[in-house]
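Here's the structure we're looking at; comments come further down.
In my numbering, the protein residues as written are 103 to 389.
Here you go:
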């Protein structure tokens, strides 16, 4: 969902809140312990093999030995890098993960975010930099349904995830994500899993939605067994705003893993090609 747009105020709040930062812990991992071997967080499930090591301009590194072997240790792109540390020796059975995001050019710390993991699920987090606490709510099927943000000296806001039942495949999939501020509903993202005349594509290596969640750590439960192929975003608190549209197409290898993802963003909506932006991301996996 790199090109999905939501309301300016809420998006700024989310970015400042560090919701797009990754989960980590307080026990640091030395760079020498890392390797470019992708992991789907061991506290949840190892869900894929081979493992993702490259996603567009992002490089993923993982710990290859020691107590936290197999866990994500670093994600880097052209401008930033995020380091992860872990702590399960905290007087409880929970795992605490700390992510620290840095500017590559200056090595300046941009954001620190701590997550609390219980039974493989992220249940709470603390944006240390921006002084915002988050709670994560799941339904009986362990699917994420709500993230509530509680800023200091600012109104509470929340993100709601709705999972629809699809009778043809007899399973639930994430269908909509809605954003709520103190004034009410702000915007809605709707996700589609087929294109006109097309078919479902099995998601062999699930990644989290880019909005409000870390992209690569699988600590929020399952969202869908299939790849998203279209995304629309409606601004509900402003008049005369177009419903933006994103089309996603994929190439896969012989094992069904995505090797190319083409993102076609239409800022003026479905069927309008003015201002269209296309991004091509190559994905690579370890052996």
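By construction, the Cβ of each residue, glycine as well, lies at the ideal position given by its N, Cα and C atoms.
For residue 368, the uninterrupted beta strand (DSSP E) run begins and ends at 360-368, by DSSP. Here DSSP, grouped into helix, strand and coil, assigns residue 251 to strand. With a cutoff of 7 Å on beta-carbon distance, residue 321 and residue 219 are scored as near each other. A straight line joining the alpha-carbon of residue 207 with that of residue 271 spans about 48 Å.
Here the region 325-337 makes no contact with the region 163-183; the two share fewer than three CB pairs at distances below 8 Å.
The alpha carbon of residue 170 has as its nearest neighbour, out of 189, 212 and 261, the alpha carbon of 189.
Distance between residue 203 and residue 160, taken at the CA atoms: about 14 Å. In the three-state DSSP reduction, residue 167 falls in the coil class, being neither helix nor strand.
Counted as a single uninterrupted DSSP element, the beta strand (DSSP E) harbouring residue 346 occupies residues 346-354. Annotation for residue 286: the continuous beta strand (DSSP E) segment containing it runs 286-294. For residue 197, the three-state secondary structure derived from DSSP is strand.
Taking C-beta separations shorter than 7 Å and ignoring five residues to either side along the sequence, the partners of residue 282 in its chain run 259, 260, 262 and 288, following chain order. Note on residue 267: under 16 other CB atoms within 10 angstroms of its CB, so exposed under the neighbour-count rule.
Closest in C-alpha terms to residue 367, from the list 375, 361 and 194, comes 375. Considering only 249, 296 and 385, the residue with the shortest C-alpha distance to residue 240 is 249.
Nearest to residue 382 by alpha-carbon distance, out of 356, 327, 350 and 369, is 350. A straight-line Cα-Cα distance of about 30 Å links residue 323 and residue 369. For residue 296, the closest of 236, 352, 213 and 210 by C-alpha to C-alpha distance is 352. Between residue 385 and residue 364, the gap from beta carbon to beta carbon reaches 7 Å or more.
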